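Trainee: Respectively, the protein sequence lines represent chains A and B.
For the record, in the first sequence the residue sitting at position 104 is 103 according to numbering that gives the first Met the number 0, with numbers rising by one throughout.
For the record, in the second sequence the residue sitting at position 186 is 185 according to numbering that gives the first Met the number 0, with numbers rising by one throughout.
C-beta atoms are modelled at their ideal positions from N, C-alpha and C, and glycine is treated no differently.
In this text the structure is predicted, and so the values were computed from the model without any measurement.
2 protein chains.
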Amino acid sequence: MKSITLFLLILILSFESFAQEKTRRKWLTYYEQKKSTFESLPNDEDEIIFLGNSITEGCEWNELFDDDRIKNRGISADVAEGIFLRLDEVTESKPLKIFLMIGINDLAFGYSIDEILQFYNKILNKIKEDSPKTKTYIQSVLPINESFGKFSAYDTLSNVIIKLNLKLEKLAQDQSLEFINLHESFLLNNRLNPKYTNDGLHLTGKGYLLWKRLIEQYIAE
Amino acid sequence: MKSITLFLLILILSFESFAQEKTRRKWLTYYEQKKSTFESLPNDEDEIIFLGNSITEGCEWNELFDDDRIKNRGISADVAEGIFLRLDEVTESKPLKIFLMIGINDLAFGYSIDEILQFYNKILNKIKEDSPKTKTYIQSVLPINESFGKFSAYDTLSNVIIKLNLKLEKLAQDQSLEFINLHESFLLNNRLNPKYTNDGLHLTGKGYLLWKRLIEQYIAE
Numbered sequence: 000m001k002s003i004t005l006f007l008l009i010l011i012l013s014f015e016s017f018a019q020e021k022t023r024r025k026w027l028t029y030y031e032q033k034k035s036t037f038e039s040l041p042n043d044e045d046e047i048i049f050l051g052n053s054i055t056e057g058c059e060w061n062e063l064f065d066d067d068r069i070k071n072r073g074i075s076a077d078v079a080e081g082i083f084l085r086l087d088e089v090t091e092s093k094p095l096k097i098f099l100m101i102g103i104n105d106l107a108f109g110y111s112i113d114e115i116l117q118f119y120n121k122i123l124n125k126i127k128e129d130s131p132k133t134k135t136y137i138q139s140v141l142p143i144n145e146s147f148g149k150f151s152a153y154d155t156l157s158n159v160i161i162k163l164n165l166k167l168e169k170l171a172q173d174q175s176l177e178f179i180n181l182h183e184s185f186l187l188n189n190r191l192n193p194k195y196t197n198d199g200l201h202l203t204g205k206g207y208l209l210w211k212r213l214i215e216q217y218i219a220e
Numbered sequence: 000m001k002s003i004t005l006f007l008l009i010l011i012l013s014f015e016s017f018a019q020e021k022t023r024r025k026w027l028t029y030y031e032q033k034k035s036t037f038e039s040l041p042n043d044e045d046e047i048i049f050l051g052n053s054i055t056e057g058c059e060w061n062e063l064f065d066d067d068r069i070k071n072r073g074i075s076a077d078v079a080e081g082i083f084l085r086l087d088e089v090t091e092s093k094p095l096k097i098f099l100m101i102g103i104n105d106l107a108f109g110y111s112i113d114e115i116l117q118f119y120n121k122i123l124n125k126i127k128e129d130s131p132k133t134k135t136y137i138q139s140v141l142p143i144n145e146s147f148g149k150f151s152a153y154d155t156l157s158n159v160i161i162k163l164n165l166k167l168e169k170l171a172q173d174q175s176l177e178f179i180n181l182h183e184s185f186l187l188n189n190r191l192n193p194k195y196t197n198d199g200l201h202l203t204g205k206g207y208l209l210w211k212r213l214i215e216q217y218i219a220e
């Protein structure tokens, strides 16, 4: 009976590991689709780049702000390292502004806050070198709401998100960049307000309308 | 030993069915995120709507054509029924043109060609009723390339895609609409040309550049 239990355990773990490897490969494939598509698009003057993961990708920002300078450069499941590795496409046009939000997937994939900050530094240094006139806004990572029970890898992240955001605020101060604290406006009882999400991680239309109100002064300035 | 084999079989099937149900729920959640976001965006004059699934969603069409009338209304994993159920948001602005591509997921999910055509008819009738001046272009479903081995549910679809496209061409003729045959331009040896894809189903940047060349006359006319 023991050997059967062991066999079942190995079977279940294999399924799990197979699923994780499949997820990772799927992400890399998608990353390459989006990256190559972004590289195929013409550059424009005075671009305002929304740079991030699925949460950035999920909105038509140019429509939301009725502002055609705005370009969506979100890639679902992206991490700070992924942003760094596709930054040439972003800085090539010498954009006017970059609104950056990244880090939630990094935490879920097991990166430490220090590792994430190292990639932030690489990103910010590269922007400064390649496009010194670009103004970069560091947006806080949004809260999550684990009560939806949809993303088990994210369920324990509420406290570490707060720690990461404090470090990001400090980083922005050190580099004389604007830090935009979106986190607290999206909270209800210390979790992502269910008014703005249907899965505890991503936003619905109401979430993007709130985000718009919180940053429109920075788009306009 | 027989009972163990049976138990393992049930376990594997449970995993499979659990995974399918998880995929379906994830799609519905995502559909609702995107639909509510589209509904939060302002309407514009003379909109040109790109309407479809992930293959439509994957490109920044307004940037590709440098034309701000173009709006992306693609939702990953969407089907003809899904398009029909979110058509109000599309027709509300009385768009100038709609470029429709839908059907590949329907086939993968097991809908018959007749069922898909019924939803196409519902879609076209509703557009005609709600926004009679809108010009709708029916784009053929693109070929797939099963040799990538990434999407098992799509692997047997090459021939049925051709049959669906013939029916869509007929439907367009019957309704005096333009049918745009993209399918053959994306082929190499009867499969989606690997030059344009990295997973056999979705497009990379080069794929979208080809698509652009094939439809730019219809955007301009």
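Does A:Pro-41 pass the burial test, meaning 16 or more other C-beta atoms within 10 Å, or should it be called exposed?
Mentor: If you number the first sequence from 1, residue 41 of chain A lands on position 42. That one is exposed.
Trainee: Contact criterion: CB-CB distance below 8 Å. Does B:Gly-57 meet it with respect to chain A?
Mentor: If you number the second sequence from 1, residue 57 of chain B lands on position 58. Yes, contact with chain A.
Trainee: A:Leu-141 to A:Ile-160, Cα distance in whole Å?
Mentor: For the purposes of this step, residue 141 of chain A is taken as the residue at position 142 of the first sequence. For the purposes of this step, residue 160 of chain A is taken as the residue at position 161 of the first sequence. Computed Cα separation, rounded: 8 Å.
Trainee: Identify whether B:Gln-138 lies in helix, strand or coil by the three-state DSSP scheme.
Mentor: As a first step, residue 138 of chain B is located in the second sequence; it is residue number 139 there, counting from the start. B:Gln-138: strand per DSSP, three-state reduction.
Trainee: Going along chain B in order, which residues have a C-beta closer than 8 Å to the C-beta of A:Tyr-207?
Mentor: Counting from 1 along the first sequence, the entry for residue 207 of chain A is found at position 208. Correct list: Thr-36 and Ser-39.
Trainee: If you follow the alpha helix (DSSP H) that A:Phe-68 is in, where does it begin and where does it stop?
Mentor: Counting from one through the first sequence, the residue named residue 68 of chain A turns up at place 69. Residue identity differs from the one stated: residue 68 of chain A is Arg in this sequence, not Phe. Following the DSSP letters along the chain, one finds A:Arg-68 in no alpha helix (DSSP H), marked with neither H nor E.
Trainee: Leaving out five residues on either side along the sequence, give the residues of the same chain with a beta carbon under 7 Å from the beta carbon of A:Glu-56.
Mentor: Translated into positions along the first sequence, residue 56 of chain A becomes position 57. Taken in chain order, the residues that qualify are Asn-71, Gly-73, Ile-74 and Ser-75.
Trainee: Can you tell which of B:Ile-69, B:Ala-79, B:Ile-101 and B:Leu-167 has the C-alpha that lies nearest to the C-alpha of B:Asp-43?
Mentor: Taking the first residue of the second sequence as position 1, residue 43 of chain B is located at position 44. Per the C-alpha coordinates, the member of B:Ile-69, B:Ala-79, B:Ile-101 and B:Leu-167 positioned closest to B:Asp-43 is B:Ile-69.
Trainee: Starting from A:Leu-99, follow its DSSP beta bridges and name the residues at the other end.
Mentor: Within the first sequence, the letter at position 100 stands for residue 99 of chain A. Paired residue(s): A:Leu-50 and A:Ile-137.
Trainee: Below 8 Å between beta carbons: does that hold for A:Asp-198 and B:Thr-203?
Mentor: If you number the first sequence from 1, residue 198 of chain A lands on position 199. If you number the second sequence from 1, residue 203 of chain B lands on position 204. No, Cβ-Cβ distance for A:Asp-198 and B:Thr-203 is not below 8 Å.
Trainee: Take B:Glu-168 and list the residues in its own chain whose beta-carbon comes closer than 6 Å to its own, dropping the five residues that flank it on each side.
Mentor: Translated into positions along the second sequence, residue 168 of chain B becomes position 169. Non-local beta-carbon contacts of B:Glu-168 in its own chain, meaning distances under 6 Å to residues more than five positions away in sequence, involve Phe-178 in chain order.
Trainee: What does DSSP give as the partner residue(s) for A:Arg-190 in the beta ladder?
Mentor: Here the question's residue 190 of chain A lines up with position 191 in the first sequence. Beta-bridge pairing links A:Arg-190 to A:Leu-187.
Trainee: Given that A:Gly-204 touches chain E, what residues does it touch there, using C-beta distances under 7 Å?
Mentor: Among the protein chains of the structure shown, namely A and B, there is no chain E.
Trainee: Going by the beta-carbon positions, is the gap between B:Ala-79 and B:Ile-122 smaller than 8 Å?
Mentor: One-based indexing of the second sequence puts residue 79 of chain B at position 80. One-based indexing of the second sequence puts residue 122 of chain B at position 123. Yes; because the gap between Cβ atoms is below 8 Å, this pair is in contact.
Trainee: Which same chain residues, not among the five before or five after A:Ser-130, have their C-beta less than 6 Å away from its C-beta?
Mentor: Taking the first sequence and counting its residues from 1, the one referred to as residue 130 of chain A is at position 131. Only Thr-90 and Lys-93 meet the Cβ criterion.
Trainee: Which of the three DSSP states is assigned to A:Phe-150 in this structure?
Mentor: Reading the first sequence from its first residue, position 151 is the one you call residue 150 of chain A. Coil, per DSSP.
Trainee: At least one CB of chain A closer than 8 Å to the CB of B:Glu-88: is that the case?
Mentor: Within the second sequence, the letter at position 89 stands for residue 88 of chain B. No, because no Cβ of chain A sits closer than 8 Å to the Cβ of B:Glu-88.
Trainee: Does DSSP put B:Phe-118 in a helix, in a strand, or in coil?
Mentor: Here residue 118 of chain B refers to the residue found at position 119 of the second sequence. Three-state DSSP puts B:Phe-118 in a helix.
Trainee: Where does B:Phe-83 fall in DSSP's three states?
Mentor: Within the second sequence, numbered from 1, the residue matching residue 83 of chain B stands at position 84. B:Phe-83: helix per DSSP, three-state reduction.
Trainee: May I ask you to verify whether the region 184-192 of chain A touches the region 148-155 of chain A, counting CB pairs closer than 8 Å and requiring at least 3?
Mentor: no
Trainee: Are the CB atoms of B:Asp-77 and A:Asp-67 within a distance shorter than 8 Å?
Mentor: Numbered from its first residue, the first sequence carries residue 67 of chain A at position 68. Numbered from its first residue, the second sequence carries residue 77 of chain B at position 78. Their beta carbons are not under 8 Å apart, which means A:Asp-67 does not touch B:Asp-77 by this criterion.
Trainee: Roughly how many angstroms separate the alpha carbons of B:Gly-109 and B:Ile-101, rounded to a whole number?
Mentor: Position 110 of the second sequence, counted from the start, is the residue given in the question as residue 109 of chain B. Position 102 of the second sequence, counted from the start, is the residue given in the question as residue 101 of chain B. In a straight line, the C-alpha of B:Gly-109 is about 14 Å away from that of B:Ile-101.
Trainee: Can you tell me which of B:Glu-128, B:Asp-113 and B:Asn-104 puts its alpha carbon nearest to the alpha carbon of B:Ile-143?
Mentor: Locating residue 143 of chain B in the second sequence gives position 144, counting from the first residue. Comparing Cα-Cα distances from B:Ile-143 to each of B:Glu-128, B:Asp-113 and B:Asn-104, the minimum goes to B:Asn-104.
Trainee: Between the C-alpha atoms of A:Lys-166 and A:Leu-176, what's the straight-line distance to the nearest angstrom?
Mentor: Sequence index remark: in the first sequence, residue 166 of chain A carries index 167 (1-based). Sequence index remark: in the first sequence, residue 176 of chain A carries index 177 (1-based). Cα to Cα, A:Lys-166 sits roughly 13 Å from A:Leu-176.
Trainee: Along the beta strand (DSSP E) that carries A:Ile-179, what are the first and last residues, could you check?
Mentor: The residue labelled residue 179 of chain A in the question sits at position 180 within the first sequence. From DSSP, the beta strand (DSSP E) with A:Ile-179 extends over 177-179.
Trainee: Do A:Leu-95 and A:Glu-145 come within 8 Å of each other at the CB atom, strictly closer than that value?
Mentor: Taking the first residue of the first sequence as 1, we reach residue 145 of chain A at position 146. Taking the first residue of the first sequence as 1, we reach residue 95 of chain A at position 96. Cβ atoms of A:Glu-145 and A:Leu-95: not closer than 8 Å.
Trainee: Check whether the Cβ of A:Leu-63 lies closer than 8 Å to any Cβ atom in chain B.
Mentor: Position 64 of the first sequence, counted from the first residue, corresponds to residue 63 of chain A. It does; some Cβ of chain B falls within 8 Å.
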